[in-house]
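The sequence shown maps to residues -21 to -1, 1 to 90 in mature numbering (1 follows the signal peptide of the UniProt record, and there is no 0). So the structure is just underneath, and the comments pick up after that.
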Amino acid sequence: MKLHILPAALFPVLLLTACQAPPTSPRPTGQLPFMGSWDCGATTMTFTPDSYQPSVDAQPMTIRSFSTQNRVTTMTLDDGAVIEVQSQNDNQINWMSQSTGDSFVCTRIAG
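If you want it as structure tokens, here you go:
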């Protein structure tokens, strides 16, 4: 067995590298089972880890913040609107707008 000795100058670099947290995505997708596209009857919505697109013709809106509690994810969008998504199962969600009071039952079409 051959022993390799590292120069002492490398130890601070190794220590800093070992202490850095691993890179993370902006949104923990494991907590967001509703990522993808959904048929909501009146519209098709799409969710990504960073944005919400309320219809095929609309521009995606940036999700500014989110929180998940009891399978309900509350998102605040860049324009201040607040929406909620409740996962029923892998293929169905309930979508609700705190801003307008609208709600939809949606089925997965992609993602």
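We treat Cβ as the ideally placed atom computed from N, Cα and C, and that holds for glycine.
Residue i bridges to which residues according to DSSP?
i	result
methionine 24	Trp17
Report the option in the options whose CA atom is closest to the CA atom of residue i.
i	options	result
threonine 86	Ser78, Pro33, Asn73	Asn73
glutamine 32	Ile62, Gln71, Asp69	Ile62
aspartate 36	Val84, Gly15, Thr22	Thr22
valine 84	Pro12, Ser78, Ser66	Ser66
serine 76	Met54, Ser44, Ser30	Met54
Pop quiz: residue i and residue j are said to be a contact at Cβ under 8 Å. What is the actual Cβ separation, rounded to whole angstroms?
i	j	result
aspartate 57	methionine 40	6 Å
Enumerated in chain order, which unbroken segments of the beta strand (DSSP E) with a length of 3 residues or greater are wholly contained in the stretch 30 to 89?
30 to 32, 40 to 48, 51 to 56, 61 to 68, 71 to 76, 82 to 89
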